[in-house]
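Per numbering that gives the first Met the number 0, residue 0 is the first one in the sequence shown, and the count goes up by one each step.
Virtual Cβ for every residue (Gly too), placed ideally from N, Cα, C.
Following: one structure in structure tokens, then a few remarks.
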Amino acid sequence: MSKLIIIAAVGKNLELGRKNDLIWHIKGDMKFFKEHTMGHPILMGKNTFVSLPKMLPGRKHIVLSRSSESSFPDDVTVLDSLDEFDKFKSTIKEDIYVIGGASVYAQTIDKADMIYLTEISDECKDADVYFPSFKDADYEKEILEDHPENTPPYRHVLYKKKGLL
Ligand SMILES: NC(=O)c1ccc[n+]([C@@H]2O[C@H](COP(=O)([O-])OP(=O)(O)OC[C@H]3O[C@@H](n4cnc5c(N)ncnc54)[C@H](OP(=O)(O)O)[C@@H]3O)[C@@H](O)[C@H]2O)c1
Numbered sequence: 000m001s002k003l004i005i006i007a008a009v010g011k012n013l014e015l016g017r018k019n020d021l022i023w024h025i026k027g028d029m030k031f032f033k034e035h036t037m038g039h040p041i042l043m044g045k046n047t048f049v050s051l052p053k054m055l056p057g058r059k060h061i062v063l064s065r066s067s068e069s070s071f072p073d074d075v076t077v078l079d080s081l082d083e084f085d086k087f088k089s090t091i092k093e094d095i096y097v098i099g100g101a102s103v104y105a106q107t108i109d110k111a112d113m114i115y116l117t118e119i120s121d122e123c124k125d126a127d128v129y130f131p132s133f134k135d136a137d138y139e140k141e142i143l144e145d146h147p148e149n150t151p152p153y154r155h156v157l158y159k160k161k162g163l164l
């Protein structure tokens, strides 16, 4: 069965975004995101879709939205509910990456098999969206990479659901 994998970058207080944009633009994190998501379907909310500078090559875009499908490019799959997404997911074998934003992370976190979190050692007082809290006791935690030399410092952490094969 295809796995549901969340990927996100957060500040010290789980800050995710501000004014429908990212807060931090860290080159090494963009590379990490690209390497992990390349070739996989990516699920996102409408706000995240409109915040992208362009469509991300090599990845099937699935957008959750109740807006008319005609407001999206033809090659985007628009689904109007999580139930529709669950049906879609059951028809494919590839792992799906959830790439945001806050509302979609909140709705999918309980179903996520794995979470790639880029933990950034910085804060943003005027963030307006946050990553949901989750029970980290349900996951095995592995620090994949640490970048203390960067400004701001950050690390990539993988949370894998306990019992996942
Ligand atoms: N730091 C990170 O890793 C990261 C990653 C991604 C995004 N972000 C940030 O997160 C922010 C955007 O997050 P957000 O929470 O405002 O928006 P979002 O989750 O990207 O999109 C919300 C929209 O998605 C649609 N939607 C959500 N759930 C749905 C459902 N169950 N059924 C149908 N449609 C659904 C609705 O669109 P309609 O109104 O069209 O129905 C809703 O208004 C931005 O600041 C962005 O930069 C950060």
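Check whether the region 3–11 touches the region 116–123, taking contact to mean three or more Cβ pairs, one atom from each stretch, closer than 8 Å. Yes, since at least three Cβ pairs between the region 3–11 and the region 116–123 fall closer than 8 Å, the two stretches touch.
Would you report the Cα separation of N19 and G162, rounded to the nearest angstrom? Within the sequence shown, numbered from 1, the residue matching residue 19 stands at position 20. Within the sequence shown, numbered from 1, the residue matching residue 162 stands at position 163. Going from the Cα of N19 to the Cα of G162 covers about 36 Å.
Using only alpha-carbon positions, find the residue among L42, Y158, L15 that is nearest to D112. As a first step, residue 112 is located in the sequence shown; it is residue number 113 there, counting from the start. Among L42, Y158, L15, the Cα nearest to that of D112 is on Y158.
- Message: Rounded to whole angstroms, what is the Cα-Cα separation between I114 and I5?
- Response: Numbered from its first residue, the sequence shown carries residue 114 at position 115. Numbered from its first residue, the sequence shown carries residue 5 at position 6. Roughly 5 Å between the two C-alpha positions.
Exercise. Evaluate T150 with the Cβ neighbour count: other Cβ atoms within 10 Å of its Cβ, from every protein chain shown; 16 or more gives buried, anything less gives exposed.
Key: Numbered from its first residue, the sequence shown carries residue 150 at position 151. With fewer than 16 other beta carbons inside 10 angstroms of its own, T150 counts as exposed.
### Query
Which same chain residues, not among the five before or five after N46, have their C-beta less than 6 Å away from its C-beta?
Looking up residue 46 in the sequence shown gives position 47. Counting only Cβ-Cβ distances below 6 Å, and skipping sequence neighbours, we find N19, G100.
Handout entry: G16 - DSSP class collapsed to helix/strand/coil
Key = For the purposes of this step, residue 16 is taken as the residue at position 17 of the sequence shown. Reduced to three states, the DSSP call for G16 is strand.
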